[in-house]
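Protein chains in written order, with this note's numbering: chain U, 157 to 288; chain R, 257 to 588; chain H, 3 to 352; chain W, 1191 to 1822; chain P, 2 to 146.
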């Protein structure tokens, strides 16, 4: 069954374990983000968009992979929102929407050719998470 | 058990001899092998009758209410033998200022589980004259007037031991134990869950059948270390709910619900109520229900794990669950 | 009257036949425990069960019974009295000890002033005793001179090889057996022999019981009251007593009761309930209780069974050695321990 | 007729004079021992009918009301049903009243003296108001001078007037007022008793300077060779001598010796101050003194402090000298401060050209590093700082990172807008992620959520609007007073809306930030409110207590302390005493209810398993009688 | 379950003096009707309600018991209803556990301003009790004769 965008947003919340309603829109996550310039949507936007149920754009955005998963935003957030986990949840869902869930070493060169700037940390963390 | 037993008895004698204590609360050998009774020994000589074996299930904590005060008045100290589970009751009584701690010397004694003579009888043994613990440590040979038989210890444990809370003592001045604490034994809430899973009608039928056996002998109440009121509301004609016998089936319910409620958050699950009930009513199912509810509603809480704890019913948080969670509707 | 017999497997038919004309009480299992309750189709007798939790006295002297009801009617009081039992019933499966227990109660309730409720039940009830199948280590009826092999009552019976041999002892008993003559059959010599053998085997066991040596020495009408009363050992005997009423309520001879009232909102019910001398409010009076200490209450119970009652009733003891209290006391204190400590070799005169 | 009822009368306006007379006459004629009025809600006329009964010589608490109007006739359309219900309600009231016992309101004395703990603006204002009403007040201040936090401020918002200019006259007035006794450099050690008669033990710490002799000339300070003590008044931005007067306008204007810094007290050598003191005020042998006093009321005015900013390592507060807190900036901007009022950055004393303010440092923070609440004053003082800097030094660029700008208050938003519009303060909606030093330059990285860009700014100074928290002494004092305290250590008010300046513990009042964050005008108005409550209390000669209070039957009490723990008013205490239980004499620990403190909620009655604790006027038996009557 | 139109449930409502009793007064002065089956007992605070009272009501034949107090946080005595909340959660859980129908007991927070809520709650509760029918599980039979 096709899920509505709202259901997907709910799924993001469930996977991330993050309560986006706690966000008070201070922007500390984005202020602290070292990959801010690399990402089309910034951490605070992620949180706001998921809260509003707008996840399609996020799922389609290739720059979500640029999040370093450094967890600075999680560490610094005064409200315990955990934006990095929201980003990670988007990534998981994006992965799931693709054929199969897995991520094999063979995919790495292809990804690199598509985007030579992709941070190594992102690859490693994706590899840890999605290798089956 | 044998080894611990010898050391316990020797140590009690020693403490009495050297004057650390002048009384020893323990279990006194009875007419049969299984009927030792709680007893306060007052001389070293009398300690010849002290036993500590598989049939010393009685919890001695409650006896400390009177005896700790009496010991203080006499300028002495009373030694009490406490099994791991008994220490919870002792702590709870300390929390409630019922025991004069300074007059008590707690000798924690290791326990491998107590046997229930009634459960041995239930296995079909009649006229039991003795049991021997077999070398495997797992079975008993039962001698009867009508021949011998064998029974697995696990099958005849007292209910509280079947669901032992653990082998660790929560309080002691001195410890004699060979047991490693392996944590709780079995799922003590399984019985509660089983009932919860039944339909309300079946639950009602279950309790109706169990409680209709109640003869209101008050053994559960009088054995309970939490039910230590000087005068129980059910004995107090001025309370408005005094009653002496189960004249109507409602009275049993009233008695047992109110009793469970009065000890909620204070009950240490010592299991004495079930052990002493002459009608074999599984009274622990009331108390464990409350312990389970409290754990689920307000976070894990073990009454008597420490002295001085603030019990869940004399406490609150601003975001506690609403009673609506258990009564379908209501609240905000 | 000659002995009759019936196969154990046919007992249900006997109960069914009897219940046409009267209520039949027998030990019935409820949630793992046996107590006397009316027979219903599907229920049968379990000879292997030695004791009901509450003794058979509960049939003649129930734990709770209404006496009178009263309510306001305008400015006056409307009072209605509970009618005493007026229907026939039979109590089946009573063992020798409980039958002896009835005699203990009879001396109290049937002597003046007669207890009309108890008397009515005794008159309308027929006691059908059965010799106990397997006495246990806690049994000591022999101590009180009870012949377990002749359980007594109106009809007494013995079980041998799946057959119940019965014999009427009273007119009531004869009438009862006559009522079921179509179901019970005559007993031949072999049967008489079998019944005698089962009695002999039983006697042999009785002699081997661990409490067979227990005597009433030091107690009874001949014992001196005050020295016994003042024995210092009472204190240690009572020291662990929790003050519950278990021993009292399982006892076949305890006969104390309290009269209480319950306001239903529409009327007042005055009823009586078993009381226990172990309770702190026992014989509570306006000025307080005469026995404020648990030791005194504990002593009262055993002095009554072993001294006061014998004094009042021609030397008979108010204990029948059924052993229920030995099995049920939460802290394993009981009359045997009391008798061992204060009587026998330890008694005052020795 | 119900059992016990001997007289019944129907009348349309029972609450009228004539109706009341019917009741009074009936009481007298029939010798009634109880009265049930079937009428409107007891919330309306219970007092009326009780008074009428009292006038007829019947104890007023022998009156019960059956509410057959609001709870019956006004809501049930079916007349028969309604009548039936009215009868039931009457029956319940009759059942209850037959069990009522005459109650008498207790009386207790009122000591006509108040104690104010804390000598900041809150404490001073409260004390002044109480003193003006003619009651003696003691102010106990832990520091050597009164004045508190307000004395440290440079200007106040939104008027920008000089803080000390408006505070010091009040301080002087407090000293001059005959009814006020200042006990400075002192702490409350013990409090016992209850409303109307508290007993307090106050420790007056040794100053080593005779308070009544010192003239405050200051010579000792200039001669003192030990000058390494951090100047607390200036937030440690500069040093002071071991013997010091906290600041020029200190009240009392008396020196104090810091015994940790004093060479004489540490080594026995020196004694210079004693030599130079012409008044002979120095006394190295001075010991702590104790003052014991009785009070009718106690006011908590323990104030606040900024939280420790070093927990927020992303702002580099502990590593960069030019990252300062707002209160430090107050001192830097103040003419009496370490820089003489010139804006100079702490690291090198140079003039800063760019200043970044960061708001909500530790406020609205549930991560555990900060406080979950809004500190309330930061938005406004930051606007004040920004405006003052832009006003005095137009060359300085000022940026303010904010989450929300909260300005509810008279002329507050106008003030903030002025900062942004007239003074060109750069307000950036967003937070700062990191402050770091790069090649000797402070760099601030933050985000502008509106333009959706990450911003990197060079700054010469960074000012942190750190959250405020209750002064750490508040918890200790509250425990002493058995005043309840919330998870943030703010003192709980008796009712958040209706009794905001009272603690649930009778006789304890709250003034200032100890109850919750507030600015100066709010503090002053609350201080006045607390004072008026105190005056209302002290004006009474006797306190009459609510007679519907808990009562413990000592024969039934187990001594378990459950009741004590649930009592919101600390009205229950335990006593070990000899009890005669039907002839058995025993020493037992039993609960005692202080009727002056008990408010009659009944929480204790339910936790008491033995039923020893009962509530007068709403006893277990009375309520069960009502239940029985209703369920008939 | 069939509902007998003639059957009148007995319902006891314990209301705290400061909020819910006043809320009931407001319901009255606003003429917001609810069934006459509800009878109110005034308590100083919901925390005064002892589980004994509730069982007593059932003993005497009540079909439903409802307890109303100030909203959590608004208690006149600061903390009373917090204790009520815990006690009643546990008591109701036990009643459910012994097989008494859920829904015979309820706790509602009704402020002095919530006359409409009081009326709505009582209408709803009475309807619920009517649905459940007569209380046959927890009552003293002697009171029913």
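The beta-carbon is built from N, C-alpha and C at its ideal position, and this holds for glycine as well.
The model shown is predicted, which means the values in this text are computed figures rather than measured ones.
### Query
What is the DSSP secondary structure of residue 588(R), reduced to helix, strand or coil?
Its pLDDT being 44, under 50, residue 588(R) is placed unreliably in this model, and the value from its coordinates should be taken loosely. Correct three-state label for residue 588(R): coil.
#### Entry: the stretch 1785-1811 of chain W: positions lying closer than 8 Å to chain R by Cβ
So the list reads 1797, 1799, 1800, 1801, 1810, 1811, given in the order they occur along the chain.
### Query
Along the chain, where does the alpha helix (DSSP H) that runs through residue 119(P) open and close?
Segment 116-133, the alpha helix (DSSP H) holding residue 119(P).
### residue 226(U): contacting residues in chain W (beta-carbon distance under 7 Å)
Residues of chain W passing the Cβ test: none, with the nearest at roughly 12 Å.
### Task
Give the range of the beta strand (DSSP E) segment to which residue 260(H) is assigned.
Here the beta strand (DSSP E) through residue 260(H) covers 259-265.
### Query
With residue 1591(W) and residue 1548(W) assumed to form a contact (beta carbons below 8 Å), what rounded beta-carbon distance in angstroms separates them?
In this structure residue 1591(W) touches residue 1548(W) by the C-beta definition: roughly 5 Å separates them, less than 8 Å.
### Task
Please list, in chain order, all residues of the same chain as residue 1783(W) whose beta carbon is under 7 Å from its beta carbon, the five residues on each side excluded.
Here the set comprises 1739, 1740, 1741, 1742, 1761, 1762.
### Message
Let me confirm a value: residue 276(U) is counted as buried when at least 16 other C-beta atoms fall within 10 Å, else exposed. Which label applies?
### Response
Flag for residue 276(U) reads exposed.
### Query
Using the C-alpha atoms, what's the distance from residue 295(R) back to residue 2(P)?
Because residue 2(P) sits at a pLDDT of 46, beneath the cut-off of 50, its placement in the model cannot be relied upon, and the point is left open.
### Task
Please check if any C-beta of chain R sits within less than 8 Å of the C-beta of residue 346(H).
Contacts with chain R at 8 Å (Cβ-Cβ) do not include residue 346(H).
### Message
Give me the chain H residues within the contact set of residue 1685(W), using Cβ-Cβ distance strictly less than 9 Å, ordered along the chain.
### Response
In chain H, no part has a C-beta under 9 Å from the C-beta of residue 1685(W); the shortest such distance is about 39 Å.
### Message
With a threshold of 8 Å on Cβ separation, who are the neighbours of residue 1562(W) within its own chain once the five nearest residues in sequence on each side are excluded?
### Response
Cβ within range, chain order: 1554, 1555, 1556, 1678.
### At least 3 beta-carbon pairs within less than 8 Å: the stretch 22-38 of chain P vs the stretch 1257-1277 of chain W
Judged by Cβ distances under 8 Å, the stretch 22-38 of chain P makes contact with the stretch 1257-1277 of chain W, as three or more pairs qualify.
### Task
Taking residue 296(H) as part of the alpha helix (DSSP H), name the residues at either end of that continuous run.
Where residue 296(H) is concerned, the enclosing alpha helix (DSSP H) stretches over 296-305.
### Query
Can you find a C-beta in chain H that's less than 8 Å from the C-beta of residue 1194(W)?
No - not a single Cβ of chain H is within 8 Å of the one on residue 1194(W).
### the stretch 1700-1716 of chain W / the stretch 1565-1579 of chain W touching (three or more Cβ pairs under 8 Å)
Taking 8 Å as the limit for Cβ pairs, the verdict is that the stretch 1565-1579 of chain W does touch the stretch 1700-1716 of chain W.
### Query
Buried or exposed: where does residue 1492(W) fall if 16 or more other Cβ atoms within 10 Å of its Cβ makes it buried?
Answer is buried; the Cβ neighbour count reaches 16.
#### Entry: Neighbour list for residue 11(P) in chain H, Cβ cutoff strictly below 7 Å
Simply none; closest approach about 11 Å.
#### Entry: Under the three-state DSSP convention, the category residue 3(P) falls into
Per-residue confidence for residue 3(P) stands at a pLDDT of 48, beneath the threshold of 50, marking its modelled position as unreliable; the derived number appears in the next sentence. Residue 3(P): coil per DSSP, three-state reduction.
### Task
Please check the pair residue 90(P) and residue 538(R), which I expect to be a contact at CB under 8 Å, by giving their CB distance rounded to whole angstroms.
Not quite, the Cβ-Cβ distance comes to about 23 Å (not below 8 Å), so this is no contact.
### Query
Do you know how far the Cα of residue 581(R) is from the Cα of residue 588(R)?
Interpretation of residue 588(R) is limited by its pLDDT of 44, a score under 50 that renders its predicted location unreliable; the figure taken from the coordinates is listed afterwards. Each residue's CA atom was taken as its position, placing residue 588(R) and residue 581(R) some 11 Å apart.
### the stretch 300-312 of chain H in contact with the stretch 261-272 of chain H per 3-pair CB rule at 8 Å
Of all C-beta pairs linking the stretch 300-312 of chain H to the stretch 261-272 of chain H, fewer than three are shorter than 8 Å, placing the two stretches out of contact.
### Task
Return yes when the C-beta of residue 577(R) is under 7 Å from any heavy atom of the ligand ZN, and no when it is not.
This structure lacks the ligand ZN; in fact it carries no ligand of any kind.
### Query
Could you give the residue range of the beta strand (DSSP E) that holds residue 1228(W)?
1225-1229 is the span of the beta strand (DSSP E), which, as asked, contains residue 1228(W).
### Task
Could I get the ranges of all uninterrupted alpha helix (DSSP H) runs contained in the stretch 1391-1416 of chain W, with 4 residues as the minimum, in chain order?
Counting whole runs of 4 or more residues, the stretch 1391-1416 of chain W contains the alpha helix (DSSP H) stretches 1409-1413.
### Inter-residue spacing [alpha-carbon to alpha-carbon] between residue 189(H) and residue 176(H)
Annotation: residue 189(H) to residue 176(H) spans about 15 Å, alpha carbon to alpha carbon.
### Query
So what does DSSP say about residue 85(P), is it helix, strand or coil?
Residue state, collapsed to three classes: helix.
### Query
Shorter than 8 Å from the beta carbon of residue 99(P) to some beta carbon of chain R?
Answer yes: the Cβ-Cβ gap between residue 99(P) and chain R drops below 8 Å somewhere.
### Whole-number beta carbon distance between residue 196(H) and residue 163(H), since they are thought to touch under 8 Å
Residue 163(H) to residue 196(H), Cβ: 6 Å. Contact.
### Message
I want to see whether chain B comes within less than 8 Å of residue 45(P), judged by CB atoms only; does it?
### Response
Looking for chain B here will not work: the only protein chains present are U, R, H, W and P.
### Query
Taking all protein chains shown into account, do 16 or more other C-beta atoms lie within 10 angstroms of the C-beta of residue 11(H), making it buried, or fewer, making it exposed?
So residue 11(H) counts as exposed.
### Query
Any C-beta of chain W sitting closer than 8 Å to the C-beta of residue 500(R)?
By this cut-off, residue 500(R) is not an interface position.
### Query
So residue 1577(W) and residue 1615(W) are in contact, right, with Cβ under 8 Å, and what is the actual spacing, rounded?
That belief holds up - the Cβ atoms of residue 1577(W) and residue 1615(W) are roughly 7 Å apart, short of 8 Å.
### Task
Tell me the start and end of each unbroken beta strand (DSSP E) in the stretch 380-410 of chain R that is at least 3 residues and wholly inside, in chain order.
Whole beta strand (DSSP E) segments, 3+ residues: 384-389, 395-400, 403-408.
### Residue burial classification, residue 168(H) (beta-carbon count within 10 angstroms, cutoff 16)
In this structure residue 168(H) is buried. Its beta-carbon is surrounded by 16 or more other beta-carbon atoms within 10 angstroms.
### Task
Would you kindly report the start and end of the unbroken alpha helix (DSSP H) that includes residue 1341(W)?
Segment: none, residue 1341(W) is in no alpha helix (DSSP H) and carries neither H nor E.
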